[in-house]
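> Residue numbers (our numbering): 2 to 568. Glycine residues also receive a C-beta, built at the ideal position from the N, C-alpha and C atoms.
1) With a CB to CB cut of under 6 Å and the five nearest residues on each side skipped, what residues in its chain are close to residue 212?
2) Along the chain, where does the beta strand (DSSP E) that runs through residue 547 open and close?
3) Would you decide whether residue 380 is buried or exposed? Buried here means 16 or more other CB atoms lie within 10 Å of its CB.
4) Less than 8 Å between the C-beta atoms of residue 119 and residue 139, yes or no?
5) For the structure I just gave you, are there three or more beta carbon pairs, one from the segment 187–200 and one from the segment 401–416, closer than 8 Å?
6) Could you check if residue 441 is buried or exposed, using at least 16 other CB atoms within 10 Å of its CB as the buried criterion?
7) Mind checking residue 572: buried by the 16 CB within 10 Å criterion, or exposed?
8) Taking 7 Å as the cut-off, is the CB of residue 73 close to at least one heavy atom of the ligand GDP?
9) Using a Cβ-Cβ cutoff of less than 7 Å, which residues in the same chain neighbour residue 568 once the five nearest sequence positions on both sides are dropped?
10) Since residue 485 is in the alpha helix (DSSP H), which residue starts that stretch and which ends it?
11) Could you tell me whether the segment 348–356 touches the segment 528–540, using the rule of 3 or more Cβ pairs below 8 Å?
12) If you follow the beta strand (DSSP E) that residue 105 is in, where does it begin and where does it stop?
13) Starting from the Cα of residue 190, find the closest Cα among 522, 88 and 134 and give me that residue.
14) Could you say if the segment 261–270 and the segment 199–216 meet the contact criterion of at least three C-beta pairs nearer than 8 Å?
15) Which complete beta strand (DSSP E) runs does the segment 19–77 hold, if anything under 3 residues is left out?
16) Would you kindly work out how many angstroms separate the C-alpha atoms of residue 232 and residue 393, rounded to a whole number?
17) What is the C-beta distance between residue 523 and residue 369, in whole angstroms, given that I count them as a contact (C-beta under 8 Å)?
18) Output the distance between the C-alpha atoms of residue 503 and residue 495, rounded to the nearest integer angstrom.
19) Just to confirm, are residue 281 and residue 293 a CB contact at a threshold of 8 Å?
20) Suppose you measure from the CA of residue 415 to the CA of residue 550; what does that come to, to the nearest Å?
21) Please identify the residue among 117, 254, 124 and 259 whose C-alpha is closest to the C-alpha of residue 237.
22) In this structure, what does DSSP give as the bridge partners for residue 383?
23) Where does residue 27 land, buried or exposed, given buried means 16+ other C-beta within 10 angstroms?
24) Considering only DSSP beta bridges, list what residue 456 is partnered with.
25) Residue 352: buried (16+ other C-beta within 10 angstroms of its C-beta) or exposed?
26) Taking its Cβ as the centre, do 16 or more other Cβ atoms sit within 10 Å of residue 130, making it buried, or is it exposed?
27) Out of 36, 366, 91 and 327, which has the shortest C-alpha to C-alpha gap to residue 350?
28) From the DSSP output, read off the bridge partner residues of residue 95.
29) Helix, strand or coil for residue 565 per DSSP?
30) From which residue to which residue does the beta strand (DSSP E) around residue 509 run?
31) Taking 8 Å as the cut-off, does the segment 72–84 touch the segment 157–171 (at least 3 CB pairs, one atom from each stretch)?
32) Would you give the residue range spanned by the beta strand (DSSP E) that residue 556 belongs to?
33) Less than 8 Å between the C-beta atoms of residue 303 and residue 487, yes or no?
34) Going by DSSP, what residue range makes up the alpha helix (DSSP H) through residue 313?
35) Taking just the CA atoms, how far does residue 29 sit from residue 35?
36) Would you be able to state if there are at least three C-beta pairs under 8 Å between the segment 425–435 and the segment 327–340?
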C-alpha cells in the first residue's frame with residue numbers, strides 16, 4: 002500500500018526519505034517553476050540576498066535611481082555575502098540610460114602588480130599561479146567602479162547610498178542558509194590566510210545560519226568611502242593599509258599599483274539571436290562566448306528539438322565546446338593583444354563552426370577557429386521609474402578570493418591573478434600592469450532598439466553557458482522570466498582554458514535534476530560522459546521591461562537566498 006504523509010505521521014516510527022519528497026505543484030506554469038515572476042509598475046530589484054533587494058528598493062523610494070540602488074545593493078552584498086563578492090574584488094556593469102536611450106559599459110577590473118614578473122613564478126618553480134595567498138592578487142576595481150557609475154549617473158549623495166550597508170555592518174545581520182553553507186566551506190580553506198580569522202572567525206568558527214554577524218571594520222571602511230570618496234581607497238589610508246599589509250606578508254601588490262588604477266568605459270558589443278539583441282562586454286571578460294554559442298545554435302531549429310531532448314543537449318554542448326576553444330585562445334586584455342571580437346561574432350564564421358557539429362557523436366577534441374580579422378560571484382539588477390536599468394556583476398573570484406584580509410578593513414582581496422597563463426606565447430600570459438582574463442559578465446537584451454531585459458548568471462565558466470540557455474529558454478521554448486531561470490540546466494566542463502590545458506576526451510556533461518532518463522540514456526549512447534554535480538549551475542537574477550503593459554517583471558534564482566521585488 003502506498004505510504005502517504007498522513008499515514009506516515011500517524012504510524013509510530015515511520016520516516017520518509019528526503020529525496021522522495023517533491024516540490025509542491027503549481028496551478029500555472031511549468032512544473033519546475035518555484036514561484037511566479039515578481040511584477041511592479043515603478044521599480045524592480047533582483048539580488049541574491051533579501052536585505053540587498055530591500056535596500057535597493059528603499060534607495061529608489063528615497064529619490065535615488067537604478068544606479069544608486071545598484072551601488073547600495075552591491076555594498077550590502079559585500080557585507081552579507083562576502084563568500085561571493087566585496088570591495089576587494091572587481092566589477093563590470095551595463096547601464097541603460099533612459100535620457101540618452103543607449104547602453105554604457107564599464108570595465109572596473111584591476112591590473113597585476115607592476116613589480117611582479119612572470120620570471121618570479123618560473124624561477125620559483127610554479128607551473129601556474131596559485132589560487133590563494135598574496136601571489137594571485139590584482140588591484141581591486143570595484144570601488145572605482147562604484148564612483149565611476151555614481152559620478153556619471155547617480156542622483157543621491159554617496160553618503161546616503163552607502164548608509165544602509167554601514168548600518169547593517171555595525172548592527173549586524175542574520176546569515177542566510179546558502180551563504181552560511183559557503184561560509185563553512187571557505188573557512189576550512191582560508192582560516193590560515195593573513196587577517197582572515199580576525200574578521201570572519203572571531204569565535205574560532207565561521208558564521209552559522211541565522212547568526213547575527215557584525216563587521217565593524219567594514220563599516221569603518223565604507224564610512225571613509227562615504228566621506229572621502231574613491232581616493233580614500235586608491236590614494237589614501239585604505240591604499241596604504243593594503244600595500245603595507247600585502248608586502249609584510251611577502252606579496253607584490255603596492256600602494257603605487259592602487260594609485261595608478263582606473264576603470265574603463267567600453268562599448269558593449271551585440272549579436273542578434275532570432276530577432277533579439279544580446280549585449281555583452283568585450284574581453285578581458287568572457288561575455289562574447291555566450292554570443293558565440295547562440296550564433297552557432299541559430300543555425301539549428303532548437304525549438305523543434307524540444308527542451309528535454311538529447312538532440313538539444315547535444316547541440317548545446319557541442320556549440321559550447323567550439324566557443325570555448327576560441328575563448329581559450331583569444332580572450333585576453335585588449336591593451337596587450339588585438340582580440341578579434343568582430344570576427345568571433347561574425348555570423349558567417351558561426352555558420353562555418355556550426356558545420357563542425359556531428360549530430361550523432363560528441364567531439365573528443367576541438368581546435369580554435371580562425372575568425373575573420375577585419376572586421377564564486379554575485380549578480381544584481383535594478384530598474385527605476387524613469388526607465389534606467391542596471392546589469393551589474395561583482396566578485397572576489399574563488400568564493401572569498403585570496404583569503405588575504407588587510408588588517409582593520411573588513412574585506413578580503415580577490416585572487417583574479419590566478420587566471421593568467423604562464424606560457425609566454427599565449428595572449429593571456431602574465432605581464433605586469435595587465436588585466437587577467439575575467440569570468441564575470443553582465444548581460445542586457447534589447448529588441449527593436451528598446452531596453453528589454455537586464456540579467457546575469459553568476460558562476461565562473463558556467464556564466465556564458467547559462468546566459469545562452471536563459472535566452473534559449475525564453476525565445477525558443479517560450480518560458481517566462483522565472484521559469485527560464487528555474488529550468489534544469491546543462492553544464493559542460495573540460496574545455497581548454499585561457500589558463501592552459503586542452504580538451505582531449507570530450508569533457509563532461511552535467512545535467513541538473515529534471516532532465517529525463519531517456520535524454521540521459523541517449524546522450525550516453527551517443528558517447529557523452531555524464532556526471533552528477535551539485536552547486537556549479539550558477540545563480541540567476543533578471544528584470545524584464547514589458548513596454549506594452551508598462552510594467553517591470555523580476556525573477557530571482559531559486560538556487561540562492563535572494564529574491565526579486567518591486568513597488
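Considering the structure as presented:
1) Within the same chain, residue 212 has close Cβ partners 176.
2) Element bounds for residue 547: 540–547.
3) Burial call: buried.
4) No; because the gap between Cβ atoms is not below 8 Å, this pair is not in contact.
5) When C-beta atoms of the segment 187–200 are compared with those of the segment 401–416, three or more pairs fall below 8 Å, so the two segments count as touching.
6) Around the beta carbon of residue 441, 16 or more other beta carbons sit within 10 angstroms, so the residue counts as buried.
7) For the chain, the structure presents residues 2 to 568; residue 572 sits outside this window and is missing.
8) Inclusion of the ligand GDP in the displayed structure is not the case, the ligand content being empty and no account of it being possible.
9) Excluding positions up to five away in sequence, the list reads 41, 43, 44, 58 and 62.
10) Annotation for residue 485: the continuous alpha helix (DSSP H) segment containing it runs 482–487.
11) Flag = no, the segment 348–356 and the segment 528–540 do not touch.
12) DSSP places residue 105 inside the beta strand (DSSP E), whose first and last residues are 103–109.
13) It is 134.
14) Pairwise C-beta distances place the segment 261–270 out of contact with the segment 199–216, as fewer than three of them are shorter than 8 Å.
15) Secondary structure remark: continuous beta strand (DSSP E) runs of at least 3 residues inside the segment 19–77, in chain order: 39–41 and 45–48.
16) Rounded to whole angstroms, the separation of the alpha carbons of residue 393 and residue 232 is 22 Å.
17) Going by Cβ atoms, the distance from residue 523 to residue 369 rounds to 29 Å, so no, they are not a contact pair.
18) For residue 503 and residue 495, the distance between alpha carbons rounds to 8 Å.
19) Contact flag unset, no.
20) Distance between the alpha carbons of residue 415 and residue 550 is about 42 Å.
21) Residue 237 has its Cα closest to that of 259, out of 117, 254, 124 and 259.
22) Note: residue 383 sits in a beta bridge opposite 46 and 391.
23) Exposed: under 16 other Cβ atoms inside 10 Å.
24) Secondary-structure assignment with DSSP links residue 456 through a beta bridge to 444 and 543.
25) With fewer than 16 other Cβ atoms within 10 Å, it is exposed.
26) Label assigned to residue 130: buried.
27) Nearest Cα to residue 350 within the set 36, 366, 91 and 327: 327.
28) In the DSSP output, where bridge partners are listed per residue, residue 95 has 106 and 392.
29) Strand, per DSSP.
30) In the DSSP assignment, residue 509 falls within the beta strand (DSSP E) that extends over 509–512.
31) They touch, by the three-pair rule.
32) That run of the beta strand (DSSP E) goes 552–557.
33) In terms of Cβ geometry, residue 303 and residue 487 do not form a close pair [threshold 8 Å].
34) Start and end: 311–331.
35) Computed Cα separation, rounded: 11 Å.
36) Touching, yes.
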